[in-house]
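Numbering (my numbering), first residue to last: 45 to 273.
Scroll down for the structure; my scribbles are underneath it.
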């Protein structure tokens with residue numbers, strides 16, 4: 045079976061599927077769809093076709109790309125368009141979660157596997173209700189028990205649905221905490237500097253050079269002239 049025959053069918057299947065499709069699933073679906081062709085597609089051939097599709101949509105003029113996510117293949121919006129898409133969706137999914145649930149979900153995501161008592165030690169409050177809501181929404185799962193702890197408490201981890209929603213394959217692909225903090229620090233610094241510049245620029249008694257450094261401050265002179273009058 046020629047790649048030129050396989051590729052458009054793979055694109056159509058991935059695009060139409062509500063869940064990620066893995067390579068064996070795609071291979072079976074392709075062979076069922078093109079059953080009239082004696083030459084059946086193999087997994088290696090489908091993998092080659094997927095590589096071609098990935099290369100195709102890596103081009104800058106496509107707003108989405110083919111990525112492995114949640115144990116299968118999906119077309120996902122490229123990172124540079126995430127904020128734009130968020131305006132459309134309005135973060136509807138996370139808005140249905142309370143602040144407590146979102147905080148608890150973040151703790152589980154970055155500390156998994158984790159017990160409820162460990163979550164409560166971090167948050168400082170009871171997490172029963174938040175954990176129950178996350179379980180109901182299939183964002184977290186009970187991953188077993190901590191056999192080394194007293195009472196062998198349940199341990200929690202993020203679910204496949206969580207991975208699908210955030211477009212990742214494992215918790216290892218989550219943004220690093222230090223990267224998030226650094227981004228927030230940079231944004232705060234930029235906003236602070238902008239506010240300072242605006243405050244200074246509104247003050248006619250202060251003169252700045254091109255590097256935004258104060259080269260002349262007439263504040264004291266102005267105050268002295270006022271006193272002399």
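Glycine included, each C-beta is placed from N, C-alpha and C at the ideal position.
Treat the numbers as computed from the prediction; the structure is a model and nothing was measured.
DSSP assignment within the region 167-222 yields the following whole alpha helix (DSSP H) runs of 4 residues or more, N-terminal first: 172-180, 204-210. In terms of Cα proximity to residue 209, the closest of 57, 120, 65, 55 is 120.
The Cβ-Cβ distance between residue 179 and residue 189 does not fall below 9 angstroms. Checking the DSSP bridge columns, you'll see residue 121 partnered with 108. In the three-state scheme derived from DSSP, where H, G and I count as helix and E and B as strand, residue 149 is classed as helix.
From the listed residues 93, 173, 86, the smallest Cα separation to residue 142 is found for 173. By DSSP's assignment, residue 65 forms a beta bridge with 117. Residues of the same chain with a CB within less than 8 angstroms of the CB of residue 66, apart from the 5 flanking positions on each side, are 115, 116, 117 in chain order. Between the region 68-82 and the region 159-174 there are fewer than three C-beta pairs closer than 8 angstroms, too few to call the two in contact. Restricting attention to 205, 74, 216, the CA atom closest to the CA of residue 49 is found in 74. As the crow flies, the alpha-carbon of residue 194 is around 39 angstroms from that of residue 112. Cα atoms of residue 93 and residue 86: separation of roughly 11 angstroms, rounded to the nearest angstrom.
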